[in-house]
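Contents: one structure, followed by commentary.
Chains as they are written, first to last, in the numbering used here: chain A, 277 to 912; chain B, -3 to 484.
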């Protein structure tokens, strides 16, 4: 254990920057704001590297710590502070590193926006909150980071504050996560009371011999993790979150924030490993989400929504990895996914940028010649996402499916393989519709307007792409190619973390037949999509001519939105109406006013007592006297 | 020192009576002095307060009516000093908020405001029931006039409702206290809250103690206000002028919560234990019910008013659970709410002064119109919905943790309330802040408004990330009360 002042610095720097940028957002020129905001994240990345070196210097099981505050309640000690061990480090480096690249990209992407300063302030705030989340050494700090990344997400999804749809999306995101958080808080309450501490280590010690309670805690916290990571059935907010500017989608809603649930389960692995039920629940949620997300992605028309459902699906793989005990594989897939998914989103941003706000893939096609840079980088991203060797995604997805197989989860393995085939399918469809073949000659007007999501920002037609936007995409694409090499680093690096509480050893090497099966299914997916949506595919023309929002079971993503609308939102609003307009003013307050009227009426009737007639007062006096005498005679 | 803090505002009020009503500047200056001096004195006391000691500190004890066991007994412990600090902090801010806002019968207004402070400070420092009761009633009258004279269109209805409701509550409370007092032979009788509690803790649970407990509790519950005795609150808030709403939500409600941890529960913990479930149910219903009610409101101020009822539900839930964490969280809620809700009512006032409406349908697009005021609103709304990192969250976190120990996963009921609370805040922000401009240009935040926002916001953030000092002050009292309530 080693006290390091780097830890508070890593958290405080982006927070301070967010405050300064917010305060001077309308006074400083855009150039200053953009480069200051980006520079701060770069410095934070450098500080994280310094901490990395410091941590390496400790060797073995050493961790960096910084205790902020201690107190007692009724004799039970509480403390909260920061910790940096290899698992936190892994996440922190991606958050600050990829975060820096996306900040850089935003300098170009957001150019000319009326709220340029607010954008960078919010993005810096996110880096602060996410760093806090991954460096928490206790449940209180975890929740603080957890909800504050949610706040950053809320502010950035609703960034275009004039748009009602953006506002609806931000509320949906915050409230869905709030539901998850309530379960998480309940899980934390159980852990704190049962093991007498909010620090992770004390709870980890406690759950070792307490599998029943580990199940309860694990399942409750899974509720929070599933909401944050857009897993079934709390995934509904993520596709809508694409209302935010594209760099936000890349950073929060693909590369980093949505993996907080993956991080939480990996961080709390002793709780999950103590309970077979909780593990299976995590794995099942993950596998089903991987499949459902991939299925929904096959029928979307908005380029960002395809990628959003793809994110849900890929995080499903990470949950599956966690659920079968391969936490290293989850961390590895998080890394490669951050590279290729951020590359894809930023690339999509370039396309949207150059097309003046167009996001509908039916209105694209044949962009290969017009945008060679986007073509090549998107291709790399797609191949990594499909998981073809030697691209990064191959190694990480392979490890996850192998782990599921080796741990005997054959059904979940099968789900994962099917999802892999669908991943190949929707990616090929997406790539072909955007870049290959010919565009549709005369775009239908109505469909176009509906899908011009960022029109406020990109309303002036064609844009040139500046180098600040291309450079991050190039770096991320390069990492998507070579990132698979981290396969050699991940397990040795994270081993001390998982050895501390004796995580089970999971073999992540697939037998040859399984590897062949996975690749074969992927090839099948590519072939099928090529036959349907390739340049001369049979469904291509019909797809391009269709208008309106996606329909059908897959287009509507299994009607989750409709179900929640019917069974949650409408009843809640009706209940609010009932309480606010009837039960309270007429029921409870009606009763109060009724009592008051009764008292008033009674007062009127008793008024004859105060009549001023002495004889009546006399009568009252006598009655009272008699009553008192009777009382004394009989009862005393 | 405590007496000085309590009576200084009253003395200034008396002095103010001698000032001609045309001298408004002098009157306003006097009002500031009359509220700032108690604040300064309280800060001195805080610096001298012995943290970690459960003893009553800064005691003042004089014989008053010895034949009836009535004393002039003042003193504070952790429960009292936190509330005293809150009260002395909010009064100067309310005075500041009144400048430029109250332009009619200025002298009468500030005289009443200063008398009100004597009442609230007295409630939090008195340790003799009769003295406590006197201060409790002193609060009632100025508040009645402040709503009834300077309020909105239905001010008379609201003022009378407030007055009658709390008066009936306090009379019932008095009966409860007398019932306990009369339990003991003439020589032992005392109204000293500390001494009386030692005696009453030994009483058996029977019809009389149960009656006394509920009589006390009812008087306090009206003030809190707990469901279903809360309906005076939205009316009072809607009609009250902004600074009075700030005080009503920030301090007057806390008289009820403070009285529960000072009187009803320590005096009759044996009865409280038996009926804890009922208080918990009332608390949880209050959270969920008020949150739903808030969601349906069309008046900005009513939304905020109902949110107070919901938050006080957390206090009741924590009190009913009785574990150290739950008591700490519940009481922390009263402090956090004491900082956040005045700010929220002030925010309502900021928009009202600019647009002359509180109807949510007529607001909207404020983020584009008045960005700084709207930042204050967003900050306050997130603080009120319990964003981690701000004071309200610490309160809800520990209330939930501690309540789990007693109530198990029934706390998910409160959790449902938290989701609804978040929902209506987000709806509120949509209605007020988001969308296109509805007003072309309005003046943005003024230095006066920043002066009121800054100290409250600083404390909300400070206690949100660094709650340790508050918990250290409260801990000894929590240990004692928790041991009583858990029967340990």
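Heads up, the beta-carbon is just placed ideally off N, CA and C, and yes, glycines get one too.
So is residue i in contact with chain B if we call contact Cβ pairs under 7 Å?
i	result
residue 438 of chain A	yes
residue 386 of chain A	no
residue 424 of chain A	yes
residue 347 of chain A	yes
residue 857 of chain A	yes
residue 458 of chain A	yes
residue 411 of chain A	no
residue 281 of chain A	no
residue 563 of chain A	no
residue 469 of chain A	yes
residue 451 of chain A	yes
residue 860 of chain A	yes
Just the chain A side, please: which residues come within less than 8 Å of residue i by C-beta, in chain order?
i	result
residue 362 of chain B	By Cβ distance, chain A contributes nothing, its closest Cβ being about 10 Å from residue 362 of chain B, past 8 Å.
residue 474 of chain B	349 and 350
Taking buried to mean at least 16 other C-beta atoms within 10 Å of its own C-beta, is residue i buried or exposed?
i	result
residue 485 of chain A	exposed
residue 827 of chain A	exposed
residue 552 of chain A	exposed
residue 525 of chain A	buried
residue 202 of chain B	exposed
residue 152 of chain B	exposed
residue 735 of chain A	Bear in mind that a pLDDT of 48 at residue 735 of chain A, under 50, signals an unreliable position, so the number given afterwards is only what the model happens to contain. Residue 735 of chain A is exposed by the Cβ-count criterion.
By DSSP, does residue i sit in helix, in strand, or in coil?
i	result
residue 696 of chain A	helix
residue 60 of chain B	strand
residue 357 of chain B	coil
residue 474 of chain A	coil
residue 740 of chain A	coil
residue 368 of chain A	helix
residue 304 of chain A	coil
residue 53 of chain B	strand
residue 341 of chain A	strand
residue 281 of chain A	coil
residue 422 of chain B	helix
residue 603 of chain A	helix
residue 578 of chain A	strand
residue 889 of chain A	coil
So, does the CB of residue i fall closer than 7 Å to a CB anywhere in chain A?
i	result
residue 370 of chain B	no
residue 166 of chain B	no
residue 349 of chain B	no
residue 445 of chain B	no
residue 149 of chain B	no
residue 279 of chain B	no
residue 467 of chain B	yes
Run through chain B and tell me which residues come within less than 7 Å of residue i, C-beta to C-beta.
i	result
residue 852 of chain A	288, 291 and 292
residue 420 of chain A	384 and 385
residue 465 of chain A	396, 397, 400 and 407
residue 864 of chain A	224 and 227
residue 443 of chain A	426 and 430
residue 527 of chain A	Simply none; closest approach about 21 Å.
Could you name the residues of chain B that residue i contacts, counting a contact when the two beta carbons are closer than 8 Å?
i	result
residue 401 of chain A	Chain B residues near residue 401 of chain A: none, gap ~11 Å exceeds 8 Å.
residue 462 of chain A	396, 400, 405, 407, 408 and 411
residue 455 of chain A	415
residue 427 of chain A	378 and 383
Chain A partners of residue i, CB-CB under 9 Å?
i	result
residue 487 of chain B	Not covered by the structure: residue 487 of chain B. The range shown for chain B is -3 to 484.
residue 497 of chain B	Because residue 497 of chain B is not part of the residues shown, which for chain B are -3 to 484, the question remains open.
Taking residue i and residue j to be in contact with their CB atoms under 8 Å, please state how far apart those CB atoms are, rounded to whole angstroms.
i	j	result
residue 80 of chain B	residue 121 of chain B	6 Å
residue 383 of chain A	residue 310 of chain A	4 Å
Can you confirm whether residue i, when its beta carbon is compared against all beta carbons of chain D, has any partner nearer than 7 Å?
i	result
residue 411 of chain B	In the structure shown, chain D does not exist; the protein chains are A and B.
Residues of chain B with CB under 9 Å from residue i, in chain order?
i	result
residue 868 of chain A	157, 161, 224, 225, 227 and 228
residue 447 of chain A	419, 422, 423, 425 and 426
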